[in-house]
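Under this note's numbering, the first residue of the sequence shown is numbered 66, with each subsequent residue one higher. Even for Gly, the Cβ is constructed at its ideal location relative to N, Cα and C. All figures in this text were calculated on a predicted structure; none of them were measured in a lab. Working notes, structure below.
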Amino acid sequence: MSPAVETISNEQARRLALRKQLLSGEKMPRGKAGALAAIRALGYVQIDTINVIERAHHVTLFARCPDYRPEHLHALQSRDRRVFEYWAHAMCYLPLEDFRFYRGYMEAFPARSAWHRQYERKYGPLAKEVLRRVRAEGPLATSDFEDPRNTKRGTWWDWKPAKTALEMLFYRGELMVGERRGFERIYDLTERVLPSWCDTKKPSREEEQMFFARRALNGLGVATVRDIDRYIAVGGKLKGAVDRLVEADEAQEIKVEHSDKPHYILSSDLAEIDAPTAKRDEVALLSPFDSAIILRDRVKALFGFDYTLECYVPPAKREYGYFCLPILWHDQFIGRIDLKADRQGKQLLVQNLHYERGFKRNESFNAAFRQSLQRFAEFHGCKAIGFSHRINTETRKMISPSF
Numbered sequence: 066m067s068p069a070v071e072t073i074s075n076e077q078a079r080r081l082a083l084r085k086q087l088l089s090g091e092k093m094p095r096g097k098a099g100a101l102a103a104i105r106a107l108g109y110v111q112i113d114t115i116n117v118i119e120r121a122h123h124v125t126l127f128a129r130c131p132d133y134r135p136e137h138l139h140a141l142q143s144r145d146r147r148v149f150e151y152w153a154h155a156m157c158y159l160p161l162e163d164f165r166f167y168r169g170y171m172e173a174f175p176a177r178s179a180w181h182r183q184y185e186r187k188y189g190p191l192a193k194e195v196l197r198r199v200r201a202e203g204p205l206a207t208s209d210f211e212d213p214r215n216t217k218r219g220t221w222w223d224w225k226p227a228k229t230a231l232e233m234l235f236y237r238g239e240l241m242v243g244e245r246r247g248f249e250r251i252y253d254l255t256e257r258v259l260p261s262w263c264d265t266k267k268p269s270r271e272e273e274q275m276f277f278a279r280r281a282l283n284g285l286g287v288a289t290v291r292d293i294d295r296y297i298a299v300g301g302k303l304k305g306a307v308d309r310l311v312e313a314d315e316a317q318e319i320k321v322e323h324s325d326k327p328h329y330i331l332s333s334d335l336a337e338i339d340a341p342t343a344k345r346d347e348v349a350l351l352s353p354f355d356s357a358i359i360l361r362d363r364v365k366a367l368f369g370f371d372y373t374l375e376c377y378v379p380p381a382k383r384e385y386g387y388f389c390l391p392i393l394w395h396d397q398f399i400g401r402i403d404l405k406a407d408r409q410g411k412q413l414l415v416q417n418l419h420y421e422r423g424f425k426r427n428e429s430f431n432a433a434f435r436q437s438l439q440r441f442a443e444f445h446g447c448k449a450i451g452f453s454h455r456i457n458t459e460t461r462k463m464i465s466p467s468f
């Protein structure tokens, strides 16, 4: 007879999810050690190009590490060699000790898709020449290669040939990003980037899948198989690995209140489901690409928060704003705020602000929100908060910090 499946409340699931995402007031190490601890705990931090405020990876780390600065991440990648860039959920910063578990994905290029095979056929010969130059000249960026086409490039993926060749070599694992200058990648030979301590032994497929299943459960706390498959997408379909974790008593199947879907949890987390946790009395402003919010359907089911990033939505159809950040207060997402950093004017602009239906503000929240906005502005080098015409006078007074 199968053992009875335990049921946990939605509140227990939410609190565990936030604790695993380091959003429950956990005390983090200072400086770059805190950033590294966060990347290791989450499994990845997603990179994105949009910069109406600081880029996604910096906002994600700042939400967890109060003293975080972008130079911490740069040092971890370029000097300390403790993190590397590769495709995980999307393009991400990853703990370097995880490198070997991505080798299978690297070596599968270009067999993964017809699109990759097409690029291999078209740019394969050029990639050999690009690799030769990097080997001979040292680290190179896309800007070190001329574009022989006398045409204006269109969409963002319409790269010049050398850029495409560099990306192919990167995906195949022959090149790595040794550092970024500004936001430009600097590529070098993998053997020149990897430190001597890094274990590069390729795991078996079973070991690899078990690794990705553990990574997902450790980052999510409570998850369906679909959640686990998508947390770090390169792991593939992981139901078999989840079953093996359950068979080994490393994980357990559970039920979550108000859901009819099977969920899974690490046994160690279930044993401490009601353990006292730190209480976060700060308001957290999360990047739309934060690992805590990136699985939108999961967040809707667990938190009742229906979130869409509207920068990809035509302006006339936007309801909340171009780049709204989810607002987290205690264990609930209570609203979203559309911010823009006016770097020249040194102002953080509040362009739109919406609270969830039923959320009741009080002075405790207002004070925490003011402090959060002030810290966020200072993180962006801004000395004041500005407001669009959409923000009424009462709200301005409630949330406007004093610098």
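Ignore the nearest five residues each way along the sequence and tell me which others in residue i's own chain have a CB closer than 6 Å to its CB.
i              : result
valine 76      : Checking the sequence, you will find glutamate at residue 76 rather than valine. Nothing listed; no residue qualifies.
threonine 265  : Arg165
arginine 218   : With a pLDDT of 46 at arginine 218, under the threshold of 50, the predicted position of this residue should be treated as unreliable, though the coordinate-derived value follows. For arginine 218, where only same-chain residues beyond five positions count, there are no Cβ hits under 6 Å.
alanine 155    : Gln111
tryptophan 221 : Confidence at tryptophan 221 is low in this model, with a pLDDT of 36, below 50, so its placement is unreliable and no value can be given for it.
glutamate 91   : Ala343
leucine 414    : Lys405, Asp407, Gly451
methionine 66  : Unreliable positioning characterises methionine 66 in this predicted model, as indicated by a pLDDT of 40, which lies under 50. The coordinate reading is nonetheless provided below. Cβ within range, chain order: n/a, list empty.
serine 352     : Ala121, Val124, Thr125
arginine 84    : Thr342
glutamine 71   : The sequence given here has glutamate at residue 71, not glutamine. Closer than 6 Å at the Cβ level, and outside the excluded window around glutamate 71, lie Ile319.
glutamate 185  : Pro175
How would you write the range of the beta strand (DSSP E) that residue i sits in, first residue to last?
i              : result
tryptophan 394 : 389 to 394
glutamate 469  : With the chain represented from 66 up to 468, any question about residue 469 goes unanswered, as that position is not in the structure.
isoleucine 450 : 449 to 452
isoleucine 73  : 71 to 73
Hey, could you find the ends of the alpha helix (DSSP H) residue i is sitting in?
i                 : result
aspartate 294     : 290 to 296
phenylalanine 127 : 121 to 127
proline 135       : 135 to 143
isoleucine 104    : 97 to 107
alanine 306       : 304 to 312
Below 8 Å CB to CB, which residues in the same chain sit around residue i once its five sequence neighbours on both sides are set aside?
i            : result
lysine 411   : Gly446, Cys447, Lys448, Ala449
arginine 120 : Ile112, Asp113, Thr114, Phe248
valine 290   : Leu303, Lys304, Val307, Pro327, Tyr329
serine 208   : Glu249
arginine 80  : Ser89, Thr342, Asp396
Identify, in the order they occur along the chain, each residue of the same chain with its Cβ nearer than 7 Å to the Cβ of residue i, setting aside the five sequence neighbours on each side.
i                 : result
leucine 196       : Leu234, Glu239
histidine 137     : Gly96, Lys97, Ala100
aspartate 223     : Because the pLDDT at aspartate 223 is just 44, under 50, the model does not fix this residue reliably, and the value given afterwards should be weighed accordingly. Cβ neighbours of aspartate 223 beyond the five flanking positions: none.
aspartate 314     : Ser332
leucine 161       : Arg146, Arg147, Val148, Phe149, Cys263
lysine 267        : Arg165, Arg168, Gly169
phenylalanine 441 : Leu350, Leu413
Tell me whether residue i counts as near the ligand PLP, meaning its Cβ is closer than 8 Å to at least one heavy atom of that ligand.
i              : result
tryptophan 180 : In the structure on display, the ligand PLP does not appear, and there are no ligands present to speak of.
Which of the three DSSP states, helix, strand or coil, is assigned to residue i?
i                 : result
threonine 458     : helix
valine 299        : helix
leucine 205       : strand
glutamate 91      : coil
alanine 192       : helix
arginine 426      : coil
leucine 331       : strand
valine 199        : helix
alanine 336       : helix
leucine 479       : The structure shown does not extend to residue 479, since the chain is modelled only from 66 to 468, so the question has no answer here.
phenylalanine 370 : coil
valine 287        : strand
methionine 66     : With a pLDDT of only 40 at methionine 66, under 50, the local geometry of the prediction cannot be trusted, and the value read off the model is given with reservation. Three-state result, methionine 66: coil.
glutamate 384     : coil
glutamine 183     : helix
valine 378        : coil
glutamine 111     : strand
valine 117        : coil
Whole runs of the alpha helix (DSSP H) within the segment 152 to 176, excluding any shorter than 4 residues: Within the segment 152 to 176, the complete alpha helix (DSSP H) runs of at least 4 residues are 168 to 172.
Sequence ranges, alpha helix (DSSP H) only - wholly within the segment 207 to 284, length at least 4: At a cut-off of 4 residues, the continuous stretches assigned as alpha helix (DSSP H) that sit fully inside the segment 207 to 284 are 226 to 236, 255 to 258.
Segment contact flag, the segment 373 to 381 with the segment 339 to 351, C-beta cutoff 8 Å, min 3 pairs: The segment 373 to 381 vs the segment 339 to 351: no contact.
Minimum length 3: unbroken beta strand (DSSP E) runs contained in the segment 397 to 421: Counting only runs of 3 or more, we get 397 to 407, 412 to 420.
Inter-stretch contact at 8 Å, needing at least 3 Cβ pairs: the segment 350 to 368 / the segment 391 to 402: The answer is yes - the segment 391 to 402 touches the segment 350 to 368, with three or more Cβ pairs under 8 Å.
The segment 247 to 262 touching the segment 198 to 206, judged by at least three CB pairs closer than 8 Å: Flag = yes, the segment 247 to 262 and the segment 198 to 206 touch.
Contact between the segment 100 to 109 and the segment 142 to 155 (3+ Cβ pairs under 8 Å): With the cut-off at 8 Å, the segment 100 to 109 and the segment 142 to 155 touch.
Contact the segment 116 to 130 vs the segment 360 to 369: 3+ CB pairs below 8 Å: Taking 8 Å as the limit for Cβ pairs, the verdict is that the segment 360 to 369 does not touch the segment 116 to 130.
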